[in-house]
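Under my numbering, think of the first position of the sequence shown as 335, with each following residue one higher.
Every residue, glycine too, gets a C-beta built ideally from N, C-alpha and C.
For reference, the structure discussed in these notes is given below.
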Amino acid sequence: MDCIFCKIVAGEIPSKKLYEDEQVLAFYDIQPKAPVHFLVIPKQHVLDGAAGITAENSGVIAHIFEVIARLTKELGLTDFRVITNNGADAGQTVHHLHFHVLAGRKLAEDMG
Ligand code: AMP
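If you want it as structure tokens, here you go:
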């Protein structure tokens, strides 16, 4: 499958890993939009953004949010934003479900 995040999971493309377990991978975004910007993804390919979440794969989403809570604590972040883009107009460029975690400065109040 021609998916850049599947290739990162497989180790075919290098990434700056922050956390990994059997279900999820967290790595720093290659084009950070804030001083801290990392992505948390399910290792299994879930097509698209929140629209790809189903009863069958939603367990990993709960796990992703546990990982986000743990990582932000470890990094000493109390103020951060979690974003998932769904579709081109929302800014989605990679079609493998992922959650952006942004922090390290005052984030824009206009999320639109
Ligand atoms: P989105 O635009 O919401 O689909 O987010 C995709 C994100 O993946 C963007 O912020 C990209 O900068 C990031 N990205 C693309 N390729 C890589 C890569 N090889 N390593 C790390 N982040 C990447």
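Exposed unless 16 or more other CB atoms sit within 10 angstroms - verdict on residue i
i    : result
S349 : buried
T418 : buried
A396 : exposed
G425 : exposed
A442 : exposed
Option in the options with minimal Cα separation from residue i
i    : options                : result
D363 : E356, M445, K440, V428 : V428
N444 : G438, A422, V435, R415 : It is Asp, not Asn, that sits at residue 444 in the sequence shown. Per the Cα distances, R415.
D423 : L431, G446, A403       : G446
Helix, strand or coil at residue i according to DSSP, with G and I counted as helix
i    : result
I371 : One point to set straight first is that residue 371 is His, not Ile, in the sequence displayed. Strand at H371.
L405 : helix
E354 : strand
V416 : strand
V469 : Lying outside 335 to 446, the shown extent of the chain, residue 469 is not represented and no answer is given.
V380 : coil
A360 : strand
Euclidean distance between Cα positions of residue i and residue j
i    : j    : result
I375 : G345 : 14 Å
K351 : T388 : 27 Å
Q448 : G410 : Lying outside 335 to 446, the shown extent of the chain, residue 448 is not represented and no answer is given.
S392 : E356 : 15 Å
K407 : K367 : 20 Å
G386 : L405 : 24 Å
K440 : D382 : 28 Å
I338 : I347 : 8 Å
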